[in-house]
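To start, the structure itself, in structure tokens.
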Amino acid sequence: METKIVRSVSEFNSELRLQGFKAFQIEDDSNATRVYSRKDFFKICLTTGKSKIHYADKSFEQEGTILFFGNPHIPYSWETISTTYAGYTCLFSEDFLKQADRAESLQQSPFFKIGGTPVLKITKDQRLFLNTLFEKMIEEQESDYTFKDELIRNYINLIIHEALKLQPSEVYTPTKNGTARIASVFLELLERQFPIETPASPLKMRTAQDYAQNLNIHVNYLNRAVKEITGKSTTTLISERILTEAKALLQHTDWNISEIASALGFEYPTYFNNFFKKLTGTNPKSLRESEV
5 METKIVRSVS
15 EFNSELRLQG
25 FKAFQIEDDS
35 NATRVYSRKD
45 FFKICLTTGK
55 SKIHYADKSF
65 EQEGTILFFG
75 NPHIPYSWET
85 ISTTYAGYTC
95 LFSEDFLKQA
105 DRAESLQQSP
115 FFKIGGTPVL
125 KITKDQRLFL
135 NTLFEKMIEE
145 QESDYTFKDE
155 LIRNYINLII
165 HEALKLQPSE
175 VYTPTKNGTA
185 RIASVFLELL
195 ERQFPIETPA
205 SPLKMRTAQD
215 YAQNLNIHVN
225 YLNRAVKEIT
235 GKSTTTLISE
245 RILTEAKALL
255 QHTDWNISEI
265 ASALGFEYPT
275 YFNNFFKKLT
285 GTNPKSLRES
295 EV
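Residue numbering for the sequence shown follows this note's numbering, starting at 5 and increasing by one per position.
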């Protein structure tokens with residue numbers, strides 16, 4: 005049986021996917037970028053410095069020490085304002101935490117759920133305690149202890165429970181142009197669905213309704229915002245991005261047409277063929293053969 009090509013984002017991403025978890029000090033990573041697929045991993049950061057965090061349609065400007073929770077299903081970006089920045093980051097997959105049967109509390113926490121508040125202001129004493137938990141996770145991930153994964157899951161849950169005791173920071177800056185921000189968030193979320201790395205991980209969102217539901221807004225509001233800012237409909241932008249990915253898969257993998265169709269969320273190869281021909285005037289097989 006042939007081995008199918010897996011389109012890996014980076015060595016770090018491959019290691020992260022294999023282990024399901026990674027923790028590291030931010031200051032130790034100041035001269036390098038850790039490239040990973042955000043669509044697959046939750047993120048918890050404990051940082052000290054001045055920064056601005058854009059999370060869905062909100063922006064949080066913070067100074068001092070904060071605890072940040074990133075959900076892979078919600079677009080976010082980070083602007084570092086201060087010249088010095090220190091702290092810790094841990095990344096983990098949903099499957100990693102599910103092994104402890106505690107994923108439900110994670111999804112329902114006010115930090116990870118859509119519409120929740122992902123930023124907490126941390127005092128010096130709280131920072132010292134949380135520092136210890138992150139350091140323990142970093143230490144354990146390098147150990148040979150047989151049950152280290154379970155121990156790390158306990159540390160993650162302890163951080164979440166400590167956070168639940170604190171008052172979330174509701175100090176956020178409303179965006180000057182809500183329409184532009186919604187369109188920007190949609191485009192970022194759309195791009196985050198790619199690249200498709202394996203047929204076993206198909207595209208999850210394919211319609212405007214899927215994206216609106218994920219962003220917790222009405223689909224009509226999303227459609228108006230996207231049309232006003234980009235001049236194109238939400239459906240058109242989704243279709244164009246799926247087509248771009250389809251061409252990449254046809255040209256750079258050995259997956260058969262059925263596998264590519266399934267990976268892109270088409271129930272039947274015929275639907276994929278019709279979609280492809282409608283937008284390009286040719287069929288997937290012809291395009292692949294022309295590239296040989």
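Cβ atoms here follow ideal geometry from the backbone N, Cα and C, with glycine treated the same way. Note that the structure is a prediction, hence the values are computed from the model and not measured.
Have a look at the options and flag the residue whose alpha-carbon is nearest the alpha-carbon of residue i.
i           : options              : result
residue 66  : 230, 123 and 140     : 123
residue 196 : 49, 79 and 58        : 79
residue 116 : 156, 52, 46 and 83   : 46
residue 128 : 188, 71 and 279      : 71
residue 141 : 236, 130 and 157     : 157
residue 18  : 286, 270, 143 and 97 : 97
Check whether the Cβ atoms of residue i and residue j lie closer than 8 Å to each other.
i           : j           : result
residue 216 : residue 223 : yes
residue 63  : residue 56  : yes
residue 88  : residue 69  : no
residue 267 : residue 203 : yes
residue 95  : residue 207 : no
residue 91  : residue 50  : yes
residue 194 : residue 242 : yes
residue 291 : residue 254 : yes
residue 25  : residue 138 : no
In angstroms, rounded to a whole number, what distance separates the CA positions of residue i and residue j?
i           : j           : result
residue 211 : residue 121 : 26 Å
residue 265 : residue 272 : 7 Å
residue 27  : residue 226 : 36 Å
residue 136 : residue 165 : 15 Å
residue 29  : residue 160 : 16 Å
residue 277 : residue 238 : 21 Å
residue 44  : residue 201 : 11 Å
Please classify residue i as buried or exposed, where buried requires at least 16 other C-beta atoms within 10 Å of its C-beta.
i           : result
residue 151 : exposed
residue 32  : No answer about residue 32 holds up, because its pLDDT of 48 lies below 50 and its placement is not dependable.
residue 15  : exposed
residue 22  : exposed
residue 218 : buried
residue 262 : exposed
residue 248 : exposed
Can residue i be considered in contact with the ligand SAM, in the sense that its beta carbon sits closer than 7 Å to one or more heavy atoms?
i           : result
residue 193 : Ligands displayed in this structure: none; no statement on the ligand SAM is therefore possible.
From the beta carbon of residue i, is the nearest beta carbon of chain B less than 8 Å away?
i           : result
residue 137 : No chain B is part of this structure, which consists of one protein chain only.
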